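Contents: one structure, followed by commentary.
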Amino acid sequence: LQKGWLPAIIDRHAFEKSAQMGTDPGGLAMADLAACASVISDRIQVKVKVHETWAESARLWVMIVGDPSAKKSPIMRAASSKIKSIDADLLRDANTALLEWQDAGGTKSDQPKPASPRLRIEDVTMEAAQEVCKDSPDGILAIQDELTGWFGGIEKYGAGKGAGKDRSFWLQSYGGGSYAVNRVGRGSLLIEN
């Protein structure tokens, strides 16, 4: 990675913070770019070719690869700390609104259940990710410190039978767009994006 290749704020953060941490600036720059992309609304799209309808959102999937001592986890923490802070505030506000809704009668009241928009997920099942995505149409940052743990989580409840369904959900998440969920116990919901 050469200085000046990236927007000034990312360039400065990647080189200054990586020098402090003793890490590779390229890894920090990629983590910064993924974090920034996660807070750009998916409604903002770039038309890739002039004479076609093909458009893409700022959706990045980044994997930092390195030896055990390459400081991958500190890199991810440095890139995502502000998003985690804002997300914690969003979750607190949503929990407060939910308690107020429940005190006002919950499902028996004439008010709809309050939305719970989020900016990130970490330790999550497919079903929980769907619930978060339902209220977060602009997109979320999925932070996975160890990919083996994420892959293992995909198959955790499947016992060989349902893991393909989880993989299918995550593959569709890669491209974004709407996703319909229909379950007997959970009911039906539409994830806008």
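Counting in this note's numbering, the sequence shown runs from 5 upward without gaps. Ideal Cβ positions, reconstructed from N, Cα and C, are used throughout, including at glycine. If you're wondering where the values come from, they're calculated on a predicted model, not measured in any experiment.
Worksheet item: When DSSP labels each residue in this structure, what does L94 get in the three-state scheme?
Response: helix
Discussion item. Quick check: does the Cβ of G157 come within less than 7 Å of any heavy atom belonging to the ligand GTP?
Written reply: Looking for the ligand GTP in the displayed structure turns up nothing, as the structure carries no ligands at all.
Worksheet item: How about M130 and D91: are their beta carbons less than 8 Å apart?
Response: no
Worksheet item: Quick one: Cα of P11 to Cα of K75, how far?
Response: The alpha-carbon atoms of P11 and K75 are separated by roughly 23 Å.
Worksheet item: Using a Cβ-Cβ cut-off of 6 Å (strictly less than) and excluding sequence neighbours within five positions of A184, which residues of its own chain qualify?
Response: L194
Worksheet item: Among all the DSSP beta bridges, which residues are the ones paired with Q106?
Response: According to DSSP, which records beta bridges pairwise, Q106 is partnered with nothing at all.
Practice prompt. Pick helix, strand or coil for R122, following the three-state DSSP scheme.
Written response: In this structure, R122 counts as coil in the three-state DSSP scheme.
Worksheet item: Thinking just about the alpha-carbon of each residue, which of G153, S45 and E126 is nearest to the one in E196?
Response: S45
Fill in: Cβ pair R124, I87 closer than 8 Å
yes
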